[in-house]
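Participant:
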């Protein structure tokens, strides 16, 4: 089994979608990205989270597939459904605890990240982790990650009674992370009459109390 | 009169932007290509290494280039999809002439002859300087050098300038004042060694994404990150200290930080005494710049300013990074020297983990401006007004010094003079001022007044649509040469394919025009390597000394950092490039040992006194307007607004507004709003986000026509760098009226309608000539 692991470190994600653009280049899913980018809530935060298939040890998607269309390779890569077997029932879509597989009606097939099997099986890194500008996506050994990086890699997740161990690690940041990013919290005792040398367009608004910075 | 011949709808239908999604021949498997060409991205100043996949003389995809040390395979979305500009249906494939009914295809001979005839006619009638040239720093250094020589010796005009005028000139001028040289002080690896990183006025996550990895590597080593920006941009959200300063107040923050550093004894007195001049005046200038004073101007709490100053002052090593947010001001140069004052006062420059660097916005912003297509410079970063510098270049070019014109007008000033009717003719190459310069309505009027305009470009940009003659030039991957990245590394662009149709390499076009103007003897080049060899001689002895750099070295060493001067007497006296030596290893880190590039060898403090921006808010225009970029678009969008997957990522400009201001104005998320300044108004959709100051709105600037925020920005210039003040305007925001919403929808439709263009485009269809 390969020692190489995949790490998702959302705190580093800059929301650039380079991963999605690179993933969409693959000849097997022509123009469609199999990695997805979630926004926490754009109105209040610039936090984004990239999401790939977690490549579970005991994949729920495969367990619930009535057509036995989802296979796992010897090196723990859970593949997209086999085209000839997939019946488009979407059991995998609704059962995956991470919400990863998607059903593509125009192809009548479930497709998802297969860890760039065409590349990783040849010793290359997955395309998304190769191009990721901030290394929010990282492909390497656990030792390499821990020697270089902050944060705690986690690959065991509890979903109610179900414990899932994955090949992909999610990186939990060290310390508290405030996801509310209101710039107001970082401004001075705003909107007092003498706060600006210029006209204050918000003079009718009450001053906001200061609160601490992020992290 | 260089007026656009057709309606906007007709122009879009004929010349795009067409959204292009699929590579030539469809998506390929990992191995499906003929050749893999190691080259660089054609977009921003990071100049990431990339491998282009080539099949049947078309670029069909990319492979990460993990061997290039700057990015090690990393790419932003623009880099990933850059290859889609090749085989693009909008590509200009043959020369064209404007008629009343639109553009018609003509021969190269006719196009060049007509251009030359018009140049002669206008210059005979109005004087040499009445014909101007505008250039771009997407060009390689070789082409930039050639443009500089071409304008001075073939066109014989002083009025040549370039689009780097909108980018880094404030940094360049500030760096020269402080350090005597115009370059980032360090290679980017030094960022990873810093203990504190102070980022001000740059959205590195969206504008220079690979740089975020350097910052994170420093933070993994325990570095603190201080981030100053009116918006909580993606890197700012994780910063150890975030300073949301008001647009235009940068120098107040920087002055207060220096005040605290001096007050608290955090200066490096030994460094100041041994390696700098002018400290006393600067100390005096910040005497009253207390954090409390700056808090009122910037809006940042005084104790946070103190914290920033102490963190930077106390750290053993530190790096300052800035970009256009600091430089796009009428006091851009003052802002830059204020940063230099901090670096010099604390001795945080010229050693490992220390430095002060601007982040280059445009691809070859660094190399392009060093070698002579800037109105005030000659090759090697020489001063066009300095008689010795002029004499040296005149000797290299084989002309009398008097034959080299003097200092010309800057980019905006050229447009101003066109508008005033003093400049009558224009030749431009890879510059789209109608989108990228401020006050677009004024500039459109100016272009309409030209008696003649010839453009060399590969797509028909908004500006190019005004041209009388269109000459199809080359994309970056269709020629070879060098560029210089933001960290000062000279790198090699390799040719992947030949230009399609009748399109030609840019330098060949310029040589043809020079020949027809009877000035061909000054341009004896057989290829671009010949141009580089002449540039080596021309730059020797200048501050931007490339004489020790060869293409072979650049390839072998994965880039060489300039300056690389001569080390032998033979090289210093050489008349031919063959006799130059290549012994110098290059200079990744400037100023080691406290040695600066001023004649006195010292770093210079420059006292800065607080002053306001050219335009400030008032009762009529009570809100600060600032502009910038989004990650999926590049500059005026000439290239990126044609690449479908990038357009899909951010299809139209939006106005970011804080919920409190939105509430006051009765605006909801996603609603149409009209932003108005003294120059004009646009109607876009609102994005209500609490990641922006409540007294400020932000609109990105990549779009043209009625989506152009540069209709609203002003032509006020920094007195030294002549950079326009894009980052500060006073505006009013209101809910859009039904009529304004109709205009906004129409503008969106025009920007994105091309997905549904018909397969056939009538008798003037250029697409049928497209052979791939």
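Residue numbers (my numbering), protein chains in the order written: chain A, 79 to 293; chain R, 1084 to 1855. We treat Cβ as the ideally placed atom computed from N, Cα and C, and that holds for glycine.
1. When you compare the CB positions of residue 1117/R and residue 1086/R, do they come within less than 8 angstroms of one another, or not?
2. Under three-state DSSP, which class holds residue 1224/R?
3. Does DSSP put residue 1187/R in a helix, a strand or coil?
4. Closest to residue 1564/R by CA distance: which of 1122/R, 1094/R, 1111/R and 1114/R is it?
5. Please classify residue 272/A as buried or exposed, where buried requires at least 16 other C-beta atoms within 10 Å of its C-beta.
6. With 7 angstroms as the limit, tell me which residues of the region 183-217 of chain A have their beta carbon closer than that to any beta carbon of chain R; keep them in chain order.
7. For residue 172/A, count the other beta carbons within 10 Å of its own beta carbon; 16 or more makes it buried, fewer makes it exposed. Which is it?
8. Taking 7 angstroms as the cut-off, is the C-beta of residue 1807/R nearer than that to any heavy atom in the ligand NAD?
9. Does chain A have any CB closer than 8 angstroms to the CB of residue 1537/R?
10. Just tell me which of 1196/R, 1205/R and 1229/R has its CA closest to the CA of residue 1607/R.
11. Quick one, which of 1504/R, 1829/R and 1270/R has its alpha-carbon nearest residue 1212/R's?
12. Could you work out which residue in 1773/R, 1255/R, 1692/R and 1166/R is closest to residue 1627/R when comparing CA atoms only?
13. Of all the CB atoms in chain R, is at least one closer than 8 angstroms to the CB of residue 261/A?
14. Express the C-alpha separation of residue 1144/R and residue 1580/R in angstroms, rounding to a whole number.
15. Buried or exposed for residue 117/A, going by 16 or more other Cβ atoms inside 10 Å?
16. Could one say the Cβ of residue 1157/R lies closer than 8 angstroms to chain A's Cβ atoms, at least one of them?
17. Which residues in the same chain have their Cβ closer than 7 angstroms to the Cβ of residue 1811/R, if we skip the five residues on either side of it in sequence?
18. Could you name the residues of the region 1187-1219 of chain R whose beta carbon sits closer than 8 angstroms to any beta carbon of chain A, in the order they occur along the chain?
19. Which of the three DSSP states, helix, strand or coil, is assigned to residue 216/A?
20. Select from 1770/R, 1618/R, 1534/R and 1548/R the residue whose C-alpha is nearest the C-alpha of residue 1198/R.
21. Establish whether the CB of residue 1382/R and some CB of chain A are separated by less than 8 angstroms.
22. In angstroms, rounded to a whole number, what distance separates the CA positions of residue 1718/R and residue 1368/R?
23. Suppose you measure from the CA of residue 1825/R to the CA of residue 132/A; what does that come to, to the nearest Å?
24. Got a sec: which bits of the region 1751-1775 of chain R sit with their beta carbon under 8 angstroms from any beta carbon on chain A, in order along the chain?
25. What span of residues does the alpha helix (DSSP H) with residue 1566/R cover, start to end?
26. Is it buried or exposed for residue 1274/R, if we count other Cβ within 10 angstroms and need 16 for buried?
27. Enumerate in chain order the residues of its own chain whose CB-to-CB distance from residue 1297/R is below 6 angstroms, with the five nearest sequence positions on each side excluded.
28. Name, in chain order, the residues that DSSP records as bridge partners for residue 137/A.
29. Which whole-angstrom value is the C-beta distance of residue 1753/R and residue 1769/R, which I expect to be below 8 angstroms?
30. Under 8 angstroms between beta-carbons, which chain R residues line up against residue 103/A? List them in chain order, please.
31. Just to make sure I have the definition right: I need the residues of chain A whose C-beta is within less than 8 angstroms of the C-beta of residue 1378/R. Which are they?
32. Taking the CB atoms as reference points, tell me whether residue 1418/R and residue 1427/R lie closer together than 8 angstroms.
33. Would you call the CB atoms of residue 1629/R and residue 1618/R closer than 8 angstroms?
34. Report the start-end ranges of each alpha helix (DSSP H) in the region 1738-1789 of chain R that is 4 residues or longer and not cut off at the edges.
35. My output table needs one value for residue 1088/R: the three-state DSSP class, helix, strand or coil.
36. Any residues in the region 144-178 of chain A with a beta carbon nearer than 9 angstroms to a beta carbon of chain R? Which ones, in chain order?
Facilitator: Short version:
1. no
2. helix
3. Here residue 1187/R carries a strand assignment [DSSP, helix/strand/coil].
4. Measuring from the Cα of residue 1564/R, the nearest candidate turns out to be 1122/R.
5. Residue placement at residue 272/A is flagged as unreliable, the pLDDT there being 47, under the threshold of 50; a coordinate-derived value is accordingly withheld.
6. 196, 197, 208, 209, 210, 211, 212 and 213
7. Label assigned to residue 172/A: exposed.
8. Annotation note on the ligand NAD: not contained in the displayed structure, which lists no ligands.
9. no
10. Looking only at 1196/R, 1205/R and 1229/R, the smallest Cα-Cα distance to residue 1607/R is reached by 1229/R.
11. 1504/R
12. 1255/R
13. yes
14. 13 angstroms
15. exposed
16. yes
17. 1330, 1331, 1412, 1696, 1698, 1707 and 1709
18. none
19. DSSP places residue 216/A in strand when its eight states are reduced to three.
20. 1534/R
21. yes
22. 37 angstroms
23. 46 angstroms
24. So the close ones are 1752, 1770, 1771, 1772, 1773, 1774 and 1775.
25. Where residue 1566/R is concerned, there is no enclosing alpha helix (DSSP H), although the beta strand (DSSP E) it sits in stretches over 1564-1567.
26. It counts as buried.
27. 1271, 1274 and 1275
28. Residue 137/A is not bridged to any residue.
29. A Cβ-Cβ distance of about 7 angstroms is found for the pair residue 1753/R and residue 1769/R, placing them in contact under the 8 angstroms criterion.
30. 1110, 1144, 1145 and 1163
31. 266
32. no
33. yes
34. 1742-1748
35. It is coil, neither helix nor strand.
36. Against chain R - using a Cβ distance shorter than 9 angstroms - the region 144-178 of chain A contributes no residues.
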